[in-house]
Amino acid sequence: MKKRSGKFFVTMFFALLVLYIAGCSEDTEKTKTQDENIQTIEAVLENTFTGPDDELKQIWESDVEEKMKAIGPYTEKLFKDYFTENAYLEYAGVYGMTFLLEAHHSDYRLELKKATYEKTKSEEDIYDFTVQVEYQKDGSEQSEVGHLKGQANLNVDHKIEEMIIRNAGDFLEIF
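Given below as structure tokens:
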């Protein structure tokens, strides 16, 4: 009887160990997917709220024909790899250069200071985010921080299918 119960416990131990390892690898895969999604969102937010850099200033200060040739490739370089095709066109048209252009026209510099992300309870990969953007007038030593919120929906390839920034208008009123 002792041998039988010993074998039973050894079998149960290995079965539980296999289930535990399988559960851990599933959690690791979820975490890896979340990390890749957050990296995608963070790259877009960084490109949206940091600048304008010298290259972009030079584009905006060029003549209309040069500006028209250069702004498309510049925007693609910043955003296209992170979005599905339709989402890229929508984001570029609504938010893409809006914040940096307004900052440039008003002689401000933007810098993404902090971003937090939270996966929603949806079964899809949807994340709410909050960002703190520092803005500083050129030549001034004082800066202030604006807060924006938004949401990004991603697909299984970690590409953004839709991204909205909720209080963008309020932030743009600063300039």
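Counting with mature numbering (1 follows the signal peptide of the UniProt record, and there is no 0), you get residues -24 to -1, 1 to 151 for the letters of the sequence shown.
Just so it is clear, CB atoms sit at the ideal spot from N, CA and C, and this is done for glycine as well.
Per-residue burial, Asn62 [other beta carbons within 10 Å of its own, 16 or more giving buried]: Looking at its Cβ environment, which holds fewer than 16 other Cβ atoms inside 10 Å, Asn62 is exposed.
Report back the beta-carbon spacing between Ala91 and Phe105 to the nearest angstrom; my notes put them in contact at under 8 angstroms. Yes, Ala91 and Phe105 are in contact; Cβ-Cβ is about 6 angstroms, under 8 angstroms.
Going by DSSP, name the residue or residues bridged to Leu76. Beta-bridge partners of Leu76 (DSSP): none assigned.
Per DSSP, Lys56 forms a beta bridge with which residues? Looking at the DSSP assignment, Lys56 forms no beta bridge with any residue, so it has no partner.
Can you give me the start and stop residues for the beta strand (DSSP E) that Ile140 sits inside? Going by DSSP, Ile140 is part of the beta strand (DSSP E) stretching over 136 to 141.
On the DSSP bridge assignment, give the partners of Phe105 in chain order. Note: Phe105 sits in a beta bridge opposite Tyr93, Gly126.
Burial state of Thr16, where buried means 16 or more other Cβ atoms lie within 10 Å: Residue environment: Thr16 is assigned as buried (16 or more neighbouring CB atoms within 10 Å of its CB, all protein chains considered).
Separation of Asp30 from Thr97, as counted between CA atoms: Residue identity check: residue 97 is Lys in the sequence provided, not Thr. Rounded to whole angstroms, the separation of the alpha carbons of Asp30 and Lys97 is 41 angstroms.
Please classify Gly27: is it buried, with 16 or more other beta-carbons within 10 angstroms of its beta-carbon, or exposed? Taking all protein chains in view, the Cβ of Gly27 is crowded by 16 or more other Cβ atoms within 10 Å, so the residue is classified as buried.
Are Tyr67 and Lys113 touching if we call contact CB-CB under 8 angstroms? It is not a contact, given that the beta carbons lie outside the stated cut-off.
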